[in-house]
Amino acid sequence: MDSVEQVRALGDPTRMRILALIRTAPDGRALVGDLARALDLRQPTVSHHMKALASAGIVRRAPDGRRVWYSIAPEVADRVDALLGADGVAEGAPVPDLDRIASDLDTRFRGVFAPETVRAVVAESYDLLAAAGSRPLLASRSASFAASRLEALARVGDAVDGNADDVPTVLFVCVQNAGRSQMAGAILRRLAGDAVRVRTAGSRPSGEVRSAIAMTLDEIGVALEGEFPKPLTDEAVRAADVVITMGCGDACPVYPGRRYLDWDLEDPVGASPARIRAIRDDIEERVRGLVRELLSDRSPAVHPIDR
0 MDSVEQVRAL GDPTRMRILA LIRTAPDGRA LVGDLARALD LRQPTVSHHM KALASAGIVR
60 RAPDGRRVWY SIAPEVADRV DALLGADGVA EGAPVPDLDR IASDLDTRFR GVFAPETVRA
120 VVAESYDLLA AAGSRPLLAS RSASFAASRL EALARVGDAV DGNADDVPTV LFVCVQNAGR
180 SQMAGAILRR LAGDAVRVRT AGSRPSGEVR SAIAMTLDEI GVALEGEFPK PLTDEAVRAA
240 DVVITMGCGD ACPVYPGRRY LDWDLEDPVG ASPARIRAIR DDIEERVRGL VRELLSDRSP
300 AVHPIDR
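Structural data, given as structure tokens:
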């Protein structure tokens, strides 16, 4: 399997959480149902991730009657260990291997960035996330964050060269990147699919997306897909066509040629379930309007939300 495809498959933090559970499971193997319960995810969601990991050659399937066991493929165990590091596993596990992460991303971005640039972005991404305190799966999240930043930098470069694609990029920014911006990003991904590129960030990001937010989204069939709070970076703003702020004040830098919106939304932190649902519905209505604007000359929402 192409190592580039494996790097892409491993860029999703949810998949890294799955692999962490498999690595520490008895006999190094696990069932989808057990993984879904441990992660508090729906079984079809975990099955989707397992299919992607198996397709990339990262896990192996072992049918056992009506059950299917999954284990980490031995040939990629070192790569998985490098990304997982010691996050959430027993003492003595390997420390995060930033060199390996940089090497994998260098393969993905070969011909776009010099290896030195990739390594610098990986190291800085790790430092930015670590500065917020202890986080689960810090190494794999650093890899995902670094990959997202490199993609943004590449898009900025393409725009300068006149080679940017016509897929609009929307950046949602709130304070902690754990509530409003995550809800908006998840709903936009659901509604627009690949027709819109979505990023989120926080001016002062917290450690985790709040569980109440994930549960409220799950009620309308919208998944966070492994998203986690990320700090606001310069290239994320420069790569965006539309920047939507939500209570973060003047923390977001302003660049010409971008559309800036400020959505006056109540902060869901500490709110009752009923208020969080009301905030979610307000965000959904605003996102639907944004989709109509961005995709006015294309087909409507490709993944409508069922209610």
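In terms of numbering that gives the first Met the number 0, the sequence shown opens at residue 0 and continues consecutively.
Where a beta carbon is used, it is the ideal one built from N, C-alpha and C, also for glycine.
Nothing here was measured: the structure is a model prediction, and the numbers come from that model.
Given a threshold of 16 other Cβ atoms within 10 Å of its Cβ, counted over all protein chains shown, does residue i qualify as buried or as exposed?
i	result
V169	buried
D33	exposed
Y254	exposed
A89	Confidence in A89 is poor, its pLDDT being 36 and thus under 50, which makes the residue's placement unreliable; the coordinate value appears in the next sentence. Burial call: exposed.
G184	buried
D39	exposed
S141	buried
K229	buried
Per the DSSP calculation, residue i is bridged to which residue(s)?
i	result
R60	Y69
A29	Y69
T168	R196
P230	G201
Can you tell me where the alpha helix (DSSP H) with residue i in it begins and where it stops?
i	result
R209	Counting along the chain, R209 falls outside any alpha helix (DSSP H), and DSSP gives it neither H nor E.
R198	Segment R196 to G201 is the beta strand (DSSP E) holding R198; no alpha helix (DSSP H) there.
A51	Q42 to S54
L82	A76 to L83
S187	Note on residue identity: the sequence assigns Leu, not Ser, to residue 187. L187 -> alpha helix (DSSP H) spans R179 to A191.
A24	From DSSP, A24 is part of no alpha helix (DSSP H); its letter is neither H nor E.
Thinking C-alpha only, which one of the options is nearest residue i?
i	options	result
V155	V241, A235, A131 and S210	A235
L231	I21, P252 and V286	P252
L65	L190, V31, S210 and V241	In the sequence on display, residue 65 carries Arg and not Leu. Considering only alpha carbons, the answer is V31.
D165	V172, F171 and D157	D157
S124	L149, R28, S102 and R109	L149
S143	I57, R22, C247 and R198	R198
P25	A151, W68, A35 and S46	W68
C247	L152, P204 and G56	P204
A151	A200, S180, W262 and S271	A200
L97	E218, R285, L264 and L82	L82
A211	F227, I275, D240 and R78	I275
A355	V58, A35 and G27	The structure shown does not extend to residue 355, since the chain is modelled only from 0 to 306, so the question has no answer here.
- Message: Just to confirm the assignment: which complete alpha helix (DSSP H) runs, minimum length 4, are found wholly within the segment 94 to 162?
- Response: Complete alpha helix (DSSP H) runs here, min 4: 97 to 107, 114 to 129 and 137 to 160.
- Task: Enumerate, from N- to C-terminal direction, the unbroken beta strand (DSSP E) stretches of 3 or more residues contained entirely within the segment 232 to 291.
- Result: Those beta strand (DSSP E) runs which fall completely within the segment 232 to 291 and span 3+ residues are 241 to 245 and 258 to 261.
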